[in-house]
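Read the structure below first, then the notes.
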Amino acid sequence: MSIAQKPNYLDSELGIKSWLTTLDHKRIGIMYLLVICVFFIVGGSMAALIRAELLTPKGDLLTSDAYNKAFTIHGVTLVFWVLIPAVPAVLGNFCLPLMIGARDVAFPRLNLLSWYVFTIGGVFGIMAVIFGGIDTGWTFYTPYSTSFSHTSVVLAVTAVFITGFSSIMTGLNFIVTIHKMRAPGMTWFRLPLFVWANYATSLIMVLATPVIAITVFLVGLEKVAHIGIFDPALGGDPILFQHMFWFYSHPAVYIMILPPMGVISEIVACFCRKRIFGYEFVAYSSLAIAIIGFIVWAHHLFTSGLSTYSAMVFSFLTFLVAIPSAVKVFNWTATFYKGEIHFESPMYFAIGFIGLFLIGGLTGLFLASLGTDIHFQDTYFVVAHFHYVMVGSAIMGFLGGLHFWWPKITGKLYAEGLARWAAVIIFLGFNFTFFPQFILGYLGMPRRYHSYSDEFQVLHVCSSLGATVLGFGYILTFCYLLYSVKFGAKAPKNPWGAKGFEWVTDSPPPTDNFDFKPVMREEAYAYKPDYEAPEVVHERA
Amino acid sequence: MSAHEQELHLGHQFEDLKQQIESYTIGMWIFLVTEVMFFGGLFTAYIIYRAKFPEGWVHGHHHLDWRLGGLNTLILLTSSLTMALAVRAAMLNKWKPQVLFLVCTVLLAFGFMIVKYFEYSKKFREHIVPGPLFAHKDDPGQELFMGLYFALTGLHGFHVLIGILVISAITIRTINMRRMRQDFIPVELVGLYWHFVDIVWIFLYPLLYLISK
Ligand SMILES: [Cu+2]
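Encoded structure:
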């Protein structure tokens, strides 16, 4: 190349130290991605162990104690260090300031601090795994966790406690950033829907995370100082733990799923070359999910002695969540109608997301109904349901977003053909893994057992084979993405022909995000000419 | 933008001071909301167990000395006043009274912790700390009350300690930057935090010390 290249955020400063002290939201997003990958490998290998054990009806590969630890470590690591931070802390961190036309988040130092807190919490988590593991299940139910388990419960809850603060910091940062850092002309109803989704998510992070913090703090205190709040022997009530735990952990599911929903809105709009159908409804549905999500927690306690009337109220409220969720699905599909549809890899992931979310969401209704829930409680039906939402959909959305913004993040193009295959493999592998589990649950196979009766074996073998395909899909994705960083072709500014501020700046963007002063002069997703022509004012060039 | 304002530090991510001030202010309020949720979990436990063990609560509160609690209430309320005066001095850009009032606030906060120390150590001596050695093992309500007492006041005391650190830091900053025109926003935000810590105590004092049949 004849002219020297402009420095971008990746090469403006080099060396480990420049990364560890960076205040750049884009670099912090990538640092989050690296830590998340480590935990994905830990949690994923536990899943492999679990699926290998379940190939045969006898508990032969793992002892029941080892099996308890395997699924606990699987759940804890993947929930707290992968699913919760994946989209907001990686893609949100990277894209949100770019999308609203800001140079950075409102509090860059706090942003870096959140990464350190997250990583330190992660180190505690790893220590809990090394020093004896933990066998309570990711839910830490009392009084088992406080009075009976002899594993590293204290280390694990300390890890969750610490990590919670990184979530709070990210949420706080995003809320202030979205309120105060928007470029001129970027009104609330011109915001990309990914920003709306992250706004709703941040509200949950800020309001719910402190409650899990105090809850696990009390578990730790109970374990160390015996204050008795959850201990029936001391007059305490273990059910109170369930209430407090689910007050966070139900909304936490929306921390995992709302941001991927935002990603899907971006991808669907871009690859249909069309404004999202019913933009305002989709925006408000994120807020509605966040708000209703706070008043449904007791649906996890239908079989824990909840009174009939509270159970009916919570069942009804849980059904309400279906409305805003369905609004999203209907509006995405309506966007396809008369759209100029381009089938490129992010779109594959987005369509996969819609399919998996549909199944995951609808099976949730079985569990919201009081009668059926009693049959399905603690069976593989529940396992399949929440994996469809928290893993299938959330990871599909995360990968979709990662593929969509990868050229922007790295400045490189990945192997498009392989990416399409990966999306298909992951979709099929996922369904093969978890669909049989619905049937298993329906037939009465309880969760969290390493041995089972012979009649379940066929379905378990299906599930384990599916998991192998799924694992292969993830590994394939990991390989070609990593390959593209080194050997990929250089990405243009806007490889997809997408709308939005992030696509008018360079790939990868400069440290300050824009070489010009972005001004929003059109509606969001103005793909069709009936909106004003796009315009960017170059003032700082 | 006036020449004065140019001296104030503007973060690279912000366009102007107004945006910076508003961002920090909203950020602080959101932080306080998270604090409310944090203490909220414990207050919920308090309400539930008070309804479950009304007797234990009455017996439990006899272990607490309402005079010492009242003294601490007085100390914290006064410290809120000195904090407010420090913020006012900062707004008027008078660094000397500002430092004076901040130091008063820190001293009062220490006073609070000293009273708390005497209260706690008395309870350890008398074995009314939850655990195997608890003196009234026959009454689970009392033990739960004391458990919540330590959890609530311990967490509150931790917030007082953080307050001491932050207010000291802001005092040193004020002294170092005395020759410059200063931004009063940091003092104001620390003040907000301190008033929050005060308000939590205003709830804790009657809920823990002033229980009657
Ligand atoms: Cu739930």
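Residue numbers (my numbering), protein chains in the order written: chain A, 143 to 683; chain B, -19 to 193.
Note that beta-carbon positions come from the ideal geometry of N, C-alpha and C, so glycine has one too.
Going along chain B, which residues have a C-beta under 8 Å from residue i?
i, result
"residue 322 (chain A)", "-1, 2, 3 and 6"
"residue 245 (chain A)", "-8 and -7"
"residue 314 (chain A)", "7, 10, 11 and 14"
"residue 310 (chain A)", "14"
"residue 560 (chain A)", "Those within 8 Å of residue 560 (chain A) in chain B number zero; the least Cβ separation is about 37 Å."
Give the DSSP-derived three-state secondary structure of residue i in the structure shown.
i, result
"residue -16 (chain B)", "Caution applies to residue -16 (chain B), whose pLDDT of 46 falls short of 50 and renders its modelled position unreliable; the value that the coordinates give is listed next. Residue -16 (chain B) falls in the helix class under three-state DSSP."
"residue 190 (chain B)", "coil"
"residue 521 (chain A)", "strand"
"residue 634 (chain A)", "coil"
"residue 197 (chain A)", "coil"
"residue 651 (chain A)", "coil"
"residue 601 (chain A)", "helix"
"residue 211 (chain A)", "helix"
"residue 204 (chain A)", "coil"
"residue 676 (chain A)", "Reliability of the predicted coordinates at residue 676 (chain A) is poor, the pLDDT of 49 falling under 50, and no value is obtained from them."
"residue 554 (chain A)", "strand"
"residue 112 (chain B)", "coil"
"residue 149 (chain A)", "coil"
"residue 588 (chain A)", "strand"
"residue 683 (chain A)", "In this prediction, residue 683 (chain A) scores a pLDDT of 42, lower than 50, which makes its location untrustworthy; the coordinate-derived value is nonetheless stated afterwards. Of the three classes helix, strand and coil, the one that applies to residue 683 (chain A) here is coil, per DSSP."
"residue -1 (chain B)", "helix"
"residue 277 (chain A)", "coil"
"residue 595 (chain A)", "coil"
Is it buried or exposed for residue i, if we count other Cβ within 10 angstroms and need 16 for buried?
i, result
"residue 320 (chain A)", "buried"
"residue 527 (chain A)", "buried"
"residue 71 (chain B)", "exposed"
"residue 168 (chain A)", "buried"
"residue 53 (chain B)", "buried"
"residue 308 (chain A)", "buried"
"residue 176 (chain B)", "buried"
"residue 535 (chain A)", "buried"
"residue 422 (chain A)", "exposed"
"residue 412 (chain A)", "buried"
"residue 558 (chain A)", "exposed"
"residue 287 (chain A)", "buried"
"residue 97 (chain B)", "exposed"
For a contact defined as C-beta to C-beta under 7 Å, what are the partners of residue i on chain A?
i, result
"residue 127 (chain B)", "369, 370 and 371"
"residue 21 (chain B)", "353, 356, 357 and 386"
"residue 195 (chain B)", "Since the first and last residues shown for chain B are -19 and 193, residue 195 (chain B) lies out of range."
In chain B, which residues lie with their C-beta within 9 Å of the C-beta of residue i?
i, result
"residue 317 (chain A)", "6, 7 and 10"
"residue 238 (chain A)", "Neighbours of residue 238 (chain A) on chain B: none; closest Cβ ~13 Å, over 9 Å."
Thinking C-alpha only, which one of the options is nearest residue i?
i, options, result
"residue 20 (chain B)", "A:408, A:356 and A:325", "A:356"
"residue 173 (chain B)", "B:-8, B:-4, B:10 and B:-3", "B:10"
"residue 200 (chain A)", "A:625, A:595 and A:622", "A:595"
"residue 546 (chain A)", "A:432, A:306, A:623 and A:260", "A:623"
"residue 381 (chain A)", "A:342, A:283, A:452 and A:272", "A:283"
"residue 95 (chain B)", "B:33, B:47, B:35 and B:5", "B:47"
"residue 7 (chain B)", "A:345, A:519, A:178 and A:412", "A:345"
"residue 456 (chain A)", "A:281, A:335, A:436 and A:627", "A:436"
"residue 484 (chain A)", "A:416, A:422 and A:509", "A:416"
"residue 640 (chain A)", "A:488, A:601, A:501 and A:494", "A:488"
"residue -8 (chain B)", "A:323, A:273, A:514 and A:236", "A:323"
"residue 28 (chain B)", "A:386, A:160, A:203 and A:252", "A:386"
"residue 574 (chain A)", "A:613, A:503, A:544 and A:480", "A:613"
"residue 277 (chain A)", "A:264, A:262, A:299 and A:258", "A:299"
"residue 510 (chain A)", "A:498, A:569 and A:438", "A:438"
Mind listing the chain B neighbours of residue i? Cutoff is C-beta to C-beta under 7 Å, in chain order.
i, result
"residue 250 (chain A)", "-7"
"residue 348 (chain A)", "10, 13 and 14"
"residue 363 (chain A)", "131"
"residue 429 (chain A)", "Within 7 Å Cβ-Cβ: nothing; residue 429 (chain A) doesn't reach chain B, min ~16 Å."
Residues of chain A with CB under 8 Å from residue i, in chain order?
i, result
"residue 112 (chain B)", "368"
Since residue i meets chain A, which of its residues come closer than 9 Å, beta carbon to beta carbon?
i, result
"residue 124 (chain B)", "369, 370, 371, 376, 377 and 378"
"residue 120 (chain B)", "370, 375, 376, 377 and 378"
Checklist entry - Which residues, taken in chain order from the region 148 to 171 of chain B, show a beta carbon closer than 7 Å to some beta carbon of chain A? => result Result list empty, no residue passes.
Item to check | Within 8 Å of chain A by C-beta, residues of the region 47 to 75 of chain B in sequence order | outcome: For the region 47 to 75 of chain B, no residue has a beta-carbon sitting nearer than 8 Å to a beta-carbon of chain A.
Checklist entry - the region 24 to 49 of chain B: which residues have C-beta closer than 9 Å to a C-beta of chain A, in chain order? => result For the region 24 to 49 of chain B, which is checked against every Cβ of chain A, the residues closer than 9 Å are 24, 25, 28, 29, 32, 33 and 36.
Item to check | Near-chain B residues of the region 381 to 398 of chain A - C-beta to any C-beta below 9 Å | outcome: Listed by position, the residues of the region 381 to 398 of chain A near chain B (Cβ gap below 9 Å) are 382, 385, 386 and 389.
Checklist entry - Which residues, taken in chain order from the region 629 to 654 of chain A, show a beta carbon closer than 7 Å to some beta carbon of chain B? => result The residues in question: there are none.
Checklist entry - Can you list, in chain order, the residues of the region 287 to 301 of chain A whose Cβ is nearer than 9 Å to any Cβ on chain B? => result Going along the region 287 to 301 of chain A in chain order, one finds no residue with a Cβ nearer than 9 Å to chain B.
Item to check | Residues, ordered as in the chain, of the region 262 to 289 of chain A that lie near chain B by beta-carbon distance below 8 Å | outcome: Those would be none; no residue qualifies.
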